[in-house]
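Data block below; observations after.
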Amino acid sequence: MDIPKTYDPKQAESQHYARWEREGCFAPEINRDPNAPVFTIVIPPPNVTGSLHMGHALQHTLMDVMTRHKRMCGFRTLWLPGMDHAGISTQLMVSRELKKEGLTRHDLGREKFIERVWKWKHESGGQILNQMRREGASVDWSRERFTMDEGLSRAVREVFVRLYEEGYIYRGNRIVNWCPQDQTVLSDLEVEKTPEKGKLYYLQYPVKGSERRVTVATTRPETMLGDTAVAVNPKDERYGDLVGATLILPIMNREIPVVADEYVDPEFGTGAVKVTPAHDPNDYEMGLRHDLPQIVVIDLNARMTQDAGAEFFGLDRYKAREKVIEKFEQLGLLEKVIDYEFSISKCERCKTVVEPLIMLQWFCKMDEMRELALGLMRREGKPRFTPQVPYEKVYTDWLENLKDWTISRQLWWGHQIPAWYTKDGQVFVARSEEEARAAAGTDELTQDQDVLDTWFSSALWPFSTLGWPDETEDLKTFYPTSVLVTARDIIFLWVSRMVMTGMKFMKETPFDDTFITGTVLDKHGQRMSKTKMNGIDPLDVFDKYGVDATRLVLASIGSTDTRWNDNQVEAYRNFANKIWNAARFCLMNSEGARVGRGFEKPGEEWALHDRWIVSRLNQTARVVNDAVNAYQFHEAVHTLYHFFWDDFCDWYIELSKQEVSAEAASEERDGARSRLLTVLEQALRLLHPFMPYITEELWQRLPGVDEKLLHPAYRETTHPTIMLAEYPQANAELIDERAESEMQAVINLISRVRNIRTEMNIKPSERVRLIIAAPYEAQRAVFEASRAAVARLARTSEILIRERLEAPRASARAVLAGGAEVAVPLEGLIDFETERARLSRETEKLQKESAKLEAQLANPQFVERAPAEKVSEIRERLGDITERVRRLTETLEAIK
RNA sequence: GCCCGCUUGGCUCAGUGGUAGAGCACUCGCUUCACACGCGAGGGGUCAAUGGUUCGAAUCCAUUAGCGGGCACCA
Numbered sequence: 052m053d054i055p056k057t058y059d060p061k062q063a064e065s066q067h068y069a070r071w072e073r074e075g076c077f078a079p080e081i082n083r084d085p086n087a088p089v090f091t092i093v094i095p096p097p098n099v100t101g102s103l104h105m106g107h108a109l110q111h112t113l114m115d116v117m118t119r120h121k122r123m124c125g126f127r128t129l130w131l132p133g134m135d136h137a138g139i140s141t142q143l144m145v146s147r148e149l150k151k152e153g154l155t156r157h158d159l160g161r162e163k164f165i166e167r168v169w170k171w172k173h174e175s176g177g178q179i180l181n182q183m184r185r186e187g188a189s190v191d192w193s194r195e196r197f198t199m200d201e202g203l204s205r206a207v208r209e210v211f212v213r214l215y216e217e218g219y220i221y222r223g224n225r226i227v228n229w230c231p232q233d234q235t236v237l238s239d240l241e242v243e244k245t246p247e248k249g250k251l252y253y254l255q256y257p258v259k260g261s262e263r264r265v266t267v268a269t270t271r272p273e274t275m276l277g278d279t280a281v282a283v284n285p286k287d288e289r290y291g292d293l294v295g296a297t298l299i300l301p302i303m304n305r306e307i308p309v310v311a312d313e314y315v316d317p318e319f320g321t322g323a324v325k326v327t328p329a330h331d332p333n334d335y336e337m338g339l340r341h342d343l344p345q346i347v348v349i350d351l352n353a354r355m356t357q358d359a360g361a362e363f364f365g366l367d368r369y370k371a372r373e374k375v376i377e378k379f380e381q382l383g384l385l386e387k388v389i390d391y392e393f394s395i396s397k398c399e400r401c402k403t404v405v406e407p408l409i410m411l412q413w414f415c416k417m418d419e420m421r422e423l424a425l426g427l428m429r430r431e432g433k434p435r436f437t438p439q440v441p442y443e444k445v446y447t448d449w450l451e452n453l454k455d456w457t458i459s460r461q462l463w464w465g466h467q468i469p470a471w472y473t474k475d476g477q478v479f480v481a482r483s484e485e486e487a488r489a490a491a492g493t494d495e496l497t498q499d500q501d502v503l504d505t506w507f508s509s510a511l512w513p514f515s516t517l518g519w520p521d522e523t524e525d526l527k528t529f530y531p532t533s534v535l536v537t538a539r540d541i542i543f544l545w546v547s548r549m550v551m552t553g554m555k556f557m558k559e560t561p562f563d564d565t566f567i568t569g570t571v572l573d574k575h576g577q578r579m580s581k582t583k584m585n586g587i588d589p590l591d592v593f594d595k596y597g598v599d600a601t602r603l604v605l606a607s608i609g610s611t612d613t614r615w616n617d618n619q620v621e622a623y624r625n626f627a628n629k630i631w632n633a634a635r636f637c638l639m640n641s642e643g644a645r646v647g648r649g650f651e652k653p654g655e656e657w658a659l660h661d662r663w664i665v666s667r668l669n670q671t672a673r674v675v676n677d678a679v680n681a682y683q684f685h686e687a688v689h690t691l692y693h694f695f696w697d698d699f700c701d702w703y704i705e706l707s708k709q710e711v712s713a714e715a716a717s718e719e720r721d722g723a724r725s726r727l728l729t730v731l732e733q734a735l736r737l738l739h740p741f742m743p744y745i746t747e748e749l750w751q752r753l754p755g756v757d758e759k760l761l762h763p764a765y766r767e768t769t770h771p772t773i774m775l776a777e778y779p780q781a782n783a784e785l786i787d788e789r790a791e792s793e794m795q796a797v798i799n800l801i802s803r804v805r806n807i808r809t810e811m812n813i814k815p816s817e818r819v820r821l822i823i824a825a826p827y828e829a830q831r832a833v834f835e836a837s838r839a840a841v842a843r844l845a846r847t848s849e850i851l852i853r854e855r856l857e858a859p860r861a862s863a864r865a866v867l868a869g870g871a872e873v874a875v876p877l878e879g880l881i882d883f884e885t886e887r888a889r890l891s892r893e894t895e896k897l898q899k900e901s902a903k904l905e906a907q908l909a910n911p912q913f914v915e916r917a918p919a920e921k922v923s924e925i926r927e928r929l930g931d932i933t934e935r936v937r938r939l940t941e942t943l944e945a946i947k
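When you line the first sequence up against our numbering, it's residues 52 to 947, in that order.
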């Protein structure tokens with residue numbers, strides 16, 4: 052048999068994916084059952100510019116586990132892949148390329164530039180898609196989508212037009228976040244606030260016709276050039292007499308009023324606030340309340356405008372700041388400057404400080420949209436978040452405070468806003484230019500130059516990818532999707548918006564459940580990031596430990612924030628090797644045997660260990676199915692790991708060896724071999740969603756695998772593959788409590804003897820005699836039937852089984868549950884001192900426990916108030932322990 | 001400032017009213033015919049602190065501390 056001793060993941064990883072893909076195993080059409088239930092996931096579209104990171108690998112693993120599990124359960128499954136066009140990042144990337152050629156996008160012009168972006172996309176975009184193949188992701192590539200596809204673009208236009216017609220979308224002049232670097236407006240969610248050390252400047256503004264001065268505090272002195280008022284709290288007695296007074300704005304020598312506004316916090320700073328309506332969101336609001344002029348002093352490049360005065364015109368905002376301070380100093384109006392820490396708004400992408408500016412932009416009104424999502428949560432509790440705490444609250448709290456969404460972007464790469472203007476500025480929003488012309492009654496139209504926020508198209512992803520606005524078969528079949536798996540930082544940006552648009556246009560939730568993954572941190576508990584250079588490349592981990600091992604780690608992480616640790620992957624790499632070698636053993640002993648279709652009922656010829664492993668297998672299937680359905684992936688992994696390693700390898704294989712490794716063919720041997728293979732095959736199926744490669748690799752080598760093992764929905768659709776085998780479900784009739792407890796007694800017996808051997812320093816090669824005493828006939832029958840197993844695994848020569856213990860004084864002994872005892876005669880080998888110490892230690896341990904139980908039973912309130920079964924359980928346990936202590940004490944007496 | 005979460009063996013994490021768990025690391029033994037990426041046997045935790053509820057608390061409640069997250073404010 053030419054099976055290597057060590058599993059080589061790369062070999063298997065290079066084999067199976069291409070075949071699965073080629074044979075259409077990932078597409079829902081593989082399922083031929085017209086009544087099959089449907090399971091759908093749409094992938095969170097990664098950026099076309101992106102490459103695989105640990106967060107993706109985590110999400111993809113979970114989605115693949117669910118998809119493969121459901122597929123094997125006979126669901127018509129669709130996991131739909133794709134990417135978004137990442138407006139800003141992509142445009143920046145291509146602009147950078149152009150820069151190397153000494154060009155700007157303006158040199159090319161809009162049309163040529165967009166062609167260039169498409170070219171870039173075809174040549175070097177979407178690296179992540181091939182990386183997903185490596186991951187084993189069972190996505191349906193035939194349905195791959197891109198947000199800039201014609202179909203999805205049509206959906207965008209349709210949504211825009213409908214929202215515009217219903218008054219949700221409007222164009223208006225409002226204060227927005229402007230990134231002077233990227234030259235585009237940003238939504239509130241694309242701005243990150245970072246704490247920063249700065250200065251707080253106290254500036255004095257003279258009161259007109261008085262010697263008095265009012266001091267205002269500011270972190271941005273340069274904006275004072277655009278001040279049009281100073282505000283104080285109406286209740287603030289310090290300034291009461293000044294409300295309505297006129298101040299002389301220094302440098303500009305502009306007369307500005309003192310206004311009273313509740314917004315001002317008398318406790319903060321000086322209690323007087325300079326008001327710059329054109330350059331601060333709060334001042335903007337105040338400006339509207341008091342009808343203040345908006346003087347724009349900073350332009351789109353963050354330089355000072357003409358309105359800032361000739362002296363400042365053209366200066367960068369930070370240069371202007373220095374100059375303003377200089378001026379105030381000269382004028383003797385700079386009261387003081389203090390160190391001050393405050394948070395500053397930066398562009399999430401380029402980290403440039405954003406400039407709040409008043410601009411004409413497109414907005415989406417969110418008040419009614421938000422009600423659609425909140426109503427869905429109130430009525431149906433959807434989407435159900437996992438973990439529910441804290442995400443359901445985070446989600447609803449955010450929705451409740453939602454402001455209007457700035458949807459236009461000053462970019463070229465993206466969905467150009469379907470609005471056309473006539474020469475005199477009339478606007479026509481339409482699905483196409485033709486429609487706009489018809490509505491306008493003229494051909495002389497110019498389309499709005501802006502594009503839409505990338506998230507505007509992502510918000511439609513669950514239905515636009517399925518063909519909406521057409522009522523396609525896919526849309527009918529696969530919407531709403533079953534579950535969304537994503538990271539917590541896009542709950543607002545994406546999840547909430549999909550729910551709102553889904554409710555608005557499909558009248559139905561886009562997904563029933565939302566699973567929020569944990570964050571993979573570095574070993575110091577820090578987020579992985581490019582800037583910190585602390586990221587771990589999943590592909591490196593794949594290379595080092597294999598995809599399957601990495602997937603087990605990721606599946607175990609699930610929704611928990613976890614510090615990445617290679618040790619964990621190594622442990623699962625070892626597990627993969629264990630699986631490999633267990634299969635290797637089975638295959639080396641497989642002549643004359645075939646994989647069966649599973650177990651339907653216990654066979655006459657089954658030994659205790661057969662009934663036991665089948666029971667364990669069914670328990671495992673039950674737990675694993677439940678765990679995956681409940682998104683408890685770590686529990687599924689843990690259960691499978693211990694079933695395979697502890698139950699199957701450590702015990703079942705060992706107990707089977709005797710029969711299975713017989714040289715000569717016989718009905719018994721081949722039956723045992725077939726049972727062994729069948730258990731292995733069932734275990735591989737259970738593992739497959741988590742470890743697709745090794746399970747397929749081994750499955751293909753098993754004798755007797757054919758289409759009969761496939762789920763009925765897939766039979767005769769393709770070559771047999773484990774990914775279409777039926778996922779084992781628990782059969783209650785095969786769960787055998789008695790077999791499990793009998794087997795446990797045998798396991799305990801063997802473990803106790805091994806313990807004695809170790810503690811008595813008996814060489815592994817040395818066989819010992821064993822005397823077993825058990826008071827009950829049934830116990831003796833179990834031990835009797837397990838003679839060969841005990842002899843083999845405890846390495847004994849002769850085994851005596853009796854009702855009462857009669858053993859030489861020079862024996863090491865142990866007391867088992869149920870009143871059973873064992874003795875290992877050790878003439879000449881036993882050190883009585885050691886033995887006494889060993890037994891005393893054990894006695895002590897048991898006595899401590901029995902003391903606890905006795906105290907519990909001595910408490911009348913416990914006996915009275917605790918459930919009756921709990922009380923009797925304690926009584927039983929105490930009885931058993933007391934009995935064991937009694938026997939141990941006798942034994943100790945005997946060897947004194 | 002408001003809301004939320006976490007704190008369990010050396011490390012990474014499960015457990016969530018009724019006998020404290022796993023993997024790794026550690027100790028001892030092993031060329032046992034699948035596997036040293038292994039086999040066998042062990043050691044190790046007053047479950048952050050305090051108080052409460054309960055017959056019974058790692059688990060429920062309250063307070064405190066440390067760490068982390070979200071939101072708001074930041075003139």
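C-beta: ideal position from N, C-alpha, C; glycine also.
Nothing here was measured: the structure is a model prediction, and the numbers come from that model.
- DSSP lists Tyr391 as the beta-bridge partner residues of Gly249.
- Shown here, Phe414 sits in a strand according to DSSP, grouped into three states.
- By DSSP's assignment, Ile881 forms no beta bridge with any residue.
- One Cα belongs to Met117, the other to Gly160, and the distance between them is close to 46 Å.
- The region 527 to 543 makes contact with the region 112 to 131; the number of CB pairs closer than 8 Å reaches 3 or more.
- Phe319 sits in coil when the DSSP states are folded into three classes, being neither helix nor strand.
- Beyond the five residues adjoining it in sequence on each side, Arg400 comes within less than 7 Å, by CB distance, of Ile139, Ser140, Asp233 in the same chain, given in chain order.
- The beta carbon of Phe636 sits closer than 7 Å to those of Ile704, all from its chain and outside the five residues before and after it, given in chain order.
- Counting only runs of 4+ residues, the alpha helix (DSSP H) found wholly inside the region 686 to 756 occupies 705 to 711, 718 to 738, 743 to 750, in chain order.
- When secondary structure is reduced to three states using DSSP, Phe436 falls in the strand class.
- The region 218 to 229 makes contact with the region 393 to 409, as at least three CB pairs between them are under 8 Å.
- Rounded to whole angstroms, the Cβ separation of Trp463 and Arg156 is 7 Å, and the two are in contact under 8 Å.
- The region 105 to 112 makes contact with the region 598 to 608; the number of CB pairs closer than 8 Å reaches 3 or more.
- Across the structure, Pro344 and Leu293 are spaced so that their CA atoms are roughly 20 Å apart.
- Nearest to Asn82 by C-alpha distance, out of Asp191, Asp59, Val99, Arg147, is Asp191.
- Spanning the alpha carbons of Leu880 and Glu788 requires a straight line of approximately 39 Å.
- The region 658 to 667 makes contact with the region 699 to 719; the number of CB pairs closer than 8 Å reaches 3 or more.
- Secondary structure of Arg222 (DSSP, three-state): strand.
- In this structure, Thr516 places its C-beta atom within 8 Å of the C-beta atom of Gly133.
- Gln255 is classed as buried because its beta carbon has at least 16 other beta carbons within 10 Å across all chains shown.
- If you keep only unbroken alpha helix (DSSP H) runs of at least 4 residues inside the region 822 to 905, you get 828 to 836, 838 to 845.
- Put simply, the backbone Cα of Val315 is about 14 Å away from that of Thr266.
- Under the criterion of beta carbons closer than 8 Å, Phe566 and Tyr682 qualify as touching, at roughly 6 Å.
- Secondary structure at Tyr778: coil, using DSSP grouped into helix, strand and coil.
- The Cβ neighbour count for Phe593, taken over all protein chains shown within 10 Å, is at least 16; the residue is labelled buried.
- The secondary-structure analysis by DSSP pairs Gly133 across a beta bridge with Arg196.
- Within the same chain, and ignoring the five residues on either side of Leu300 in sequence, the residues whose Cβ sits closer than 6 Å to its Cβ are Asp278, Ile307.
- Beyond the five residues adjoining it in sequence on each side, Arg488 comes within less than 7 Å, by CB distance, of Asp494, Leu496 in the same chain, given in chain order.
- Assigned with DSSP and collapsed to three states, Ser533 falls in strand.
- In the structure shown, Leu384 falls within a coil segment according to DSSP collapsed to helix, strand and coil.
- Note on the region 486 to 555: whole alpha helix (DSSP H) runs with a minimum of 4 residues are 505 to 509, 512 to 515, 524 to 529, 548 to 552, in chain order.
- Excluding sequence positions up to five before and after Gly223, its CB lies within less than 8 Å of the CB of Leu411, Gln412, Phe414, all in the same chain and listed in chain order.
- With fewer than 16 other Cβ atoms inside 10 Å of its own Cβ, Ser483 counts as exposed.
- In the three-state reduction of the DSSP assignment, Gln577 falls in the coil class.
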